[in-house]
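Residue numbers (numbering that gives the first Met the number 0): 0 to 309.
Note that the Cβ used here is the ideal one computed from N, Cα and C, for glycine as well.
Quick caveat: nothing in here was measured; it's all calculated off a predicted structure.
Here the structure comes first, spelled out in structure tokens, and everything after it is commentary.
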Amino acid sequence: MHIEAALLARQQLYRRARDYLREQDVLEVETPLLGSAGTTDPQIESFQLRAGGQTRYLQTSPEFFLKRLVASTGRSVYSLGKVFRNGETGRWHNPEFSMLEWYRVGFNLQGIMQDTCQLVAACLGQPELQAHRVSYRELFEQHFSLNPHRAELPEVEPLVHQYTSYQAPLVSVAEGLQLLMDQVIEPGFYSPFTLLYHFPADQCALARLTDCEGDPVAERFELYAGQLELANGYHELTDADEQAHRFANDLQQRQQAGQPQVTVDQALVEALRSGMPDCAGVSVGMDRLLAHAMQLDGIQPLLPFGWSQS
Numbered sequence: 000m001h002i003e004a005a006l007l008a009r010q011q012l013y014r015r016a017r018d019y020l021r022e023q024d025v026l027e028v029e030t031p032l033l034g035s036a037g038t039t040d041p042q043i044e045s046f047q048l049r050a051g052g053q054t055r056y057l058q059t060s061p062e063f064f065l066k067r068l069v070a071s072t073g074r075s076v077y078s079l080g081k082v083f084r085n086g087e088t089g090r091w092h093n094p095e096f097s098m099l100e101w102y103r104v105g106f107n108l109q110g111i112m113q114d115t116c117q118l119v120a121a122c123l124g125q126p127e128l129q130a131h132r133v134s135y136r137e138l139f140e141q142h143f144s145l146n147p148h149r150a151e152l153p154e155v156e157p158l159v160h161q162y163t164s165y166q167a168p169l170v171s172v173a174e175g176l177q178l179l180m181d182q183v184i185e186p187g188f189y190s191p192f193t194l195l196y197h198f199p200a201d202q203c204a205l206a207r208l209t210d211c212e213g214d215p216v217a218e219r220f221e222l223y224a225g226q227l228e229l230a231n232g233y234h235e236l237t238d239a240d241e242q243a244h245r246f247a248n249d250l251q252q253r254q255q256a257g258q259p260q261v262t263v264d265q266a267l268v269e270a271l272r273s274g275m276p277d278c279a280g281v282s283v284g285m286d287r288l289l290a291h292a293m294q295l296d297g298i299q300p301l302l303p304f305g306w307s308q309s
């Protein structure tokens, strides 16, 4: 594929995304690429550098800055630009990639799921997006007759050893559920689009928790195109004390795993404490969405300057 075709297709994709969000009165903003705080998520590593005698982090997402703007303005906002994640390289990954992230004030989980479908449909030039909606629990009950929100290690480990290539002892239930999801469930996503929602409470990231049929679940969703994850969204946590607790828990997990420690974004905690409005947010990997639109089996052909060329 000639790179010019990819550049023109990306320009059209970005224009359609911006047109949709402008029509929805979502304000485009710029956020810093370098910040004094990094992500505490044990699953994600930040690039660190020294600037002006201080440690700075290339942002893995504009999330913290966007939430601080929601708190200070009360407006729905979005950012479209580059983000950075250390160590993520492959067919669908690049350490530097393009992300669209937006926050809708007054939206709940169902509202942001519908909003995401409408935006992706607009980006693809389609009138609507037909997505199969299914909960995390429904999938595990269909495949393994297992309620993942109440499962214990003696139930999960035999399933992992039976259905996946992983044969070592499990460290946790969460590890086992993720292996079953990655190796058994996700490869079976054959619908054009799938909305997976209500993740286990320990996979809440920055989403709020709710009760669903007696189970604590995260108000979180992911949108897949076939087996490719395109978007990740939350009904956002607005409790400052709970946010501080989750940051501390992340740092403890990172220490136990021997991962680098990072500076916590206390400004986000204070923004929540000042009173962030009820809102929902979502991020979309634009390189992946473009690859899907162009029917490519990876993002590398779309990058005019890949990781090895930059």
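Exposure of aspartate 181 is indicated by the presence of fewer than 16 other C-beta atoms within 10 angstroms of its C-beta. As a beta-bridge residue in DSSP terms, proline 199 pairs with Val216. Out of Ala247, Pro276, Phe143 and Ala121, the CA that lies nearest to the CA of proline 41 is found in Ala247.
The beta-bridge partner set that DSSP reports for histidine 234 consists of Ala279. The shortest C-alpha to C-alpha distance from valine 172 to any of Arg149, Gln161 and Pro186 is the one to Arg149. Assigned with DSSP and collapsed to three states, arginine 90 falls in coil, not helix or strand. Comparing C-alpha distances from threonine 39 to each of Pro31, Gln117, Gly52 and Gln58 shows the shortest one belongs to Gln58. Leucine 33 places its beta carbon less than 9 Å from that of alanine 50.
A Cβ-Cβ distance of about 6 Å is found for the pair valine 82 and serine 60, placing them in contact under the 8 Å criterion. Here the C-alpha atom of leucine 227 lies approximately 12 Å from the C-alpha atom of leucine 289. Under the three-state reduction of DSSP, alanine 224 is assigned to strand. In this structure, DSSP gives valine 263 a state outside helix and strand, which the three-state scheme calls coil.
Annotated three-state conformation of serine 171 is coil, per DSSP.
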